[in-house]
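In full-length UniProt numbering, the protein residues as written are 22 to 549.
Cβ coordinates follow ideal geometry from the N, Cα and C atoms, glycine included.
None of the values given here were measured: they were computed from a predicted structure.
Structure first, then comments.
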Ligand code: HEM
C-alpha cells in the first residue's frame, strides 16, 4: 500500500521512479553506503549498456543469486516458534541434568514441527509423520530432543535410512509423487521390510493427518538414559502430550484443506501465538531400569517398539509453552540445526542402532546445508549459557577463542590460557560393558515385527480401524504392481485377519499366503 508521502521523482535523465514512503531508515549497501537510487542501474547513456562499475547493482544481484541454501534432505517443510520449558516435578534423584532439578524454573526453548517427505513448498496436511524437534537451551548446554509425533520408527538400523527416504520421496525417473506414500517404490520397500509394520499401522491411522501442530503428541522415540550424580543410569522414554488433546482431520477434509490452504498448519500456529493463545504440551517420562527392560518380550534398543504405558506409566514432569513468534523465518526456522548428539550432563544415549546413526547424520548434513562448521554461532543455535572452547576459524567464524593459547593442556594463566576441563561438572558417558564380538547382525531380540503392530490396531476404536483399512486400500490402490500389493496384504494377515481381508477385498485381490515371519506374532496382547 502506498503511503500519503507517495511521490513521483523525476530523475535527471527524465525517467520516472516511485518512492512509497519518505520516512524510515536510509537504504544502504551492505557496506553501509547510503543509496541514492535503487530503481535504476548505472548506464552508459539513458538506454545502456549497464556498467560493471555499478557496485550497488552488482552487490544486490550477487546477494540475491545466493539466497537459497539446500533444503533439509528430510523434514524440509517445517514451522517453528520460541517458548519455554517449565519443570513441574523434580527428577533430581534420577538425573543430574540441570533442566530437571528445580521445580518452577524455566528454560528457553525453540520448537520446529515438520512433515518428513515433502519438499519445502509442499502442502501442510499431507499424510505423513510430523517432526517434533525441541531445542532446550539449558544452563549446561543445548539439549535437542529431535522427535516425531509417532512413538516408533520404520527401521531398526540407521543404515537403512537412505533407502527408506529414497523409497518415500518422488521416484527418480519421473520426479513424482510429491509427499505421498501412495506409490510403488514406497510400498515395495515397506513390504520388503517387515520391521516397518508397526510404524505402518500408525501412519495409516488418523495420527498422520493432524488438525493442528497444537493437537499432536511428540515422542523422543528412542530409549535414552537419565544419569544421576553418582553415574547410575535409568532408561527413559520422552513424551509430549498436547494440552488441547489429540485431534486429526479425516482424509476428505485433508484433501480439501490442502487445496484451499497449503499453509494450514503454519497459519494455525502463527495465528494462535499471535493472538495470545499459546500452545502447550506436558513433558512425560517413562522411567525403568535394566532389570525391568530385561523382562520385556522386545528389546528397548529397538525403535520400532513402544514401552506399553500400562507397564510403565507416563509421569508428567514439566510443561512446554510456545509463546513467541519468530522475527524472521529464514534466520530461525530454516537455520535452526537440531542434532540428536546435542545432549547434556545427566542425559545419555543408548546403543539403539538408529540413534547411533542419527548422531552422525545430523551434524554431517548441517555442514552441507548451512555451509560452515560455525553454524553453532547463529543466534538460534548458540547456547544461552556461557561457552568456551578452542574450536576456531572456518567460514564465518564469529567466536574465535580469546587469549594467547588455542590448545590445551597449556601453561598460560587464567587470562591467556583459556578454558579448562572440569571432571566434576563435565559430561561423562555412562560406562557400559561391550556386548560381544564385532559383527554385522540384527539381534534376535529385534525379530518380532508384528505383535506391537497388532496391539496398536486392536487398541483403535471401530471407526479408527475403518480409517486404517480405508487408508491402506486407498494408498495401495495407487501401486501399479499387483505383487507389491499382495506382499503388503501378506503382512497384514499377521496383524489382523479382518484387516487383511478388508484390504484384499478393497483391492480386488485374492488373500495371499501369510508372509514368512521371523518369529510368531503374539495374539494374546492387551490393547496398548
Ligand atoms: C531431520 C526426526 C531418524 C536423518 C529430522 C527432523 C526431525 C527428525 C524432527 C527435523 C528437524 C528440524 O525440524 O530441523 C527423526 C526421528 C527419527 C529419525 C524421530 C527416528 C527415530 C533419522 C535417521 C537419520 C535421520 C535414522 C539418518 C541416519 C535426518 C536428517 C535430517 C533429519 C539428515 C535433516 C536435518 C537438517 O538438515 O537439519 N529428523 N529422524 N533421521 N533427520 Fe531425522
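By the CB criterion at 8 Å, residue 309 and residue 328 fall inside the cutoff.
Taking every protein chain shown into account, the CB of residue 514 has 16 or more other CB atoms within 10 angstroms, so this residue is buried. According to DSSP, residue 368 shares a beta bridge with 247. In the DSSP assignment, the residues bridged to residue 261 are 239, 304. A straight-line Cα-Cα distance of about 13 Å links residue 347 and residue 288. The alpha carbon of residue 126 has as its nearest neighbour, out of 145, 139, 464, 106, the alpha carbon of 106.
For residue 127, the enclosing beta strand (DSSP E) stretches over residues 127 to 136. Taking every protein chain shown into account, the CB of residue 423 has fewer than 16 other CB atoms within 10 angstroms, so this residue is exposed.
The three-state reading of DSSP puts residue 285 in helix, counting H, G and I together.
A contact is defined here as three or more CB-CB pairs under 8 Å, and the stretch 148 to 168 fails this definition with respect to the stretch 180 to 187. By the 16-neighbour rule on beta-carbons within 10 angstroms, residue 540 is exposed.
Rounded to the nearest angstrom, the Cβ distance from residue 241 to residue 264 is 19 Å, too far for a contact under 8 Å. When the alpha-carbon of residue 545 is set against those of 528, 236, 475, the nearest one is in 475. Here residue 313 carries a helix assignment [DSSP, helix/strand/coil]. Short note on residue 387: C-beta closer than 7 Å to some heavy atom of ligand 1. Inside the UniProt region "Disordered" (435 to 459), DSSP marks no whole beta strand (DSSP E) run of 3 or more residues. In the pairwise beta carbon analysis, the stretch 65 to 81 is classified as not touching the stretch 315 to 323: fewer than three pairs are separated by under 8 Å. From the listed residues 369, 535, 497, the smallest Cα separation to residue 209 is found for 497.
Rounded to the nearest angstrom, the gap between the Cα atoms of residue 245 and residue 380 is 13 Å. For residue 543, DSSP assigns no beta-bridge partner whatsoever. With contacts defined as CB atoms closer than 8 Å, residue 216 and residue 512 fail to qualify as a contacting pair.
For residue 102, the beta-bridge partners assigned by DSSP are 132. The stretch 196 to 224 is shown to contain whole alpha helix (DSSP H) runs of 4 or more residues at 205 to 212, 218 to 224, in chain order. Excluding five sequence positions before and after residue 360, the CB atoms of its chain that fall closer than 6 Å to its own CB belong to 165, 383, 384, given in chain order.
In this structure, DSSP gives residue 269 an extended state, which the three-state scheme calls strand. Out of 296, 517, 520, the CA that lies nearest to the CA of residue 343 is found in 296. Looking at the DSSP output, residue 466 bridges to nothing.
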